[in-house]
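Here the sequence shown stands for residues -21 to -1, 1 to 126, numbered as in mature numbering (1 follows the signal peptide of the UniProt record, and there is no 0). We put the CB at the ideal spot given by N, CA and C, even for glycine. Small disclaimer: the values here were computed from a predicted structure and weren't measured. Reviewing the structure listed below.
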Amino acid sequence: MDSVNVLLFLAVSAFTVKVSLQGVQQHRLYNDLMSNYNPLVRPVGNDSQSLTVHFGLTLRQIMDVDEKNQVLTTNIWLQLYWDDFYLRWNPSDYPGVTNVRFPDNLIWKPDILLYNSADERFDATFHTNILVNSSGTCSYLPPGKSY
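This is the structure:
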């Protein structure tokens, strides 16, 4: 019975160490990426390069259909993807870290905003984290309500 307890303790300890090491690596990566980053600078390696933003829209829910006034109220998610030249890293330098989440006000994001909402209570500037992987691909999925 003692050997089972020891094995269980070692298994849990090994898992805990791996999780905590990833946290340390992710913290180091975050600091390294943000040390000279400016969210106002277009994220390309050469200023003559264009930056492609892939745009999509997902209909999540039809909330209301007002036939008389011809108004369709929907719940949607925007899908924005682009490559940020300055947010790339070598995964072997940061073991276990495959992606990092950034608050949307800390890194560059395209000036695309759903602003045709007729509902004054809906905040179209709702802050959503941006997921960045090691190749610099950014995924930004802000919610929206459209009329």
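Subject >> CA nearest to the CA of Leu57, picked from Leu30, Ile109 and Ser71 >> reply: Ile109
**OP:** Report yes if the C-beta distance between Asp72 and Thr107 is below 7 Å; otherwise report no.
**Re:** no
Original post:
Between Gly35 and the rest of its own chain, which residues show a CB-CB distance below 6 Å, the 5 nearest in sequence each way excluded?
Top reply: Gln58
Subject >> Cβ shell of Val(-16) (< 6 Å), same chain only, five flanking positions each side left out >> reply: Because Val(-16) sits at a pLDDT of 47, beneath the cut-off of 50, its placement in the model cannot be relied upon, and the following sentence gives the value as read from the coordinates. Within the same chain, Val(-16) has no close Cβ partners at all.
Subject >> Chain-order list of residues whose beta-carbon lies under 7 Å from that of Asp43 (same chain, five-residue window excluded) >> reply: Answer for Asp43: Thr52, listed in chain order.
**OP:** Tell me, please, which residues DSSP counts as bridged to Trp61.
**Re:** Cys117
Original post:
What is the residue span of the beta strand (DSSP E) that Gly35 lies within?
Top reply: His33 to Asp45
**OP:** Ignore the nearest five residues each way along the sequence and tell me which others in Gln5's own chain have a CB closer than 6 Å to its CB.
**Re:** Val76
Original post:
How about Asn112 and Asn78: are their beta carbons less than 7 Å apart?
Top reply: yes
**OP:** Assign Pro89 to one of three DSSP states: helix, strand, or coil.
**Re:** coil
**OP:** Please classify Lys88: is it buried, with 16 or more other beta-carbons within 10 angstroms of its beta-carbon, or exposed?
**Re:** By the neighbour-count rule (16 or more Cβ atoms within 10 Å), Lys88 is buried.
Original post:
If you draw a straight line from the alpha carbon of Asp45 to that of Thr37, how long is it in whole angstroms?
Top reply: 21 Å
**OP:** Using only alpha-carbon positions, find the residue among Leu8, Val3, Arg21 and Leu120 that is nearest to Thr62.
**Re:** Note that residue 62 is Asp in the sequence shown, not Thr. The option with the nearest alpha carbon to Asp62 is Arg21.
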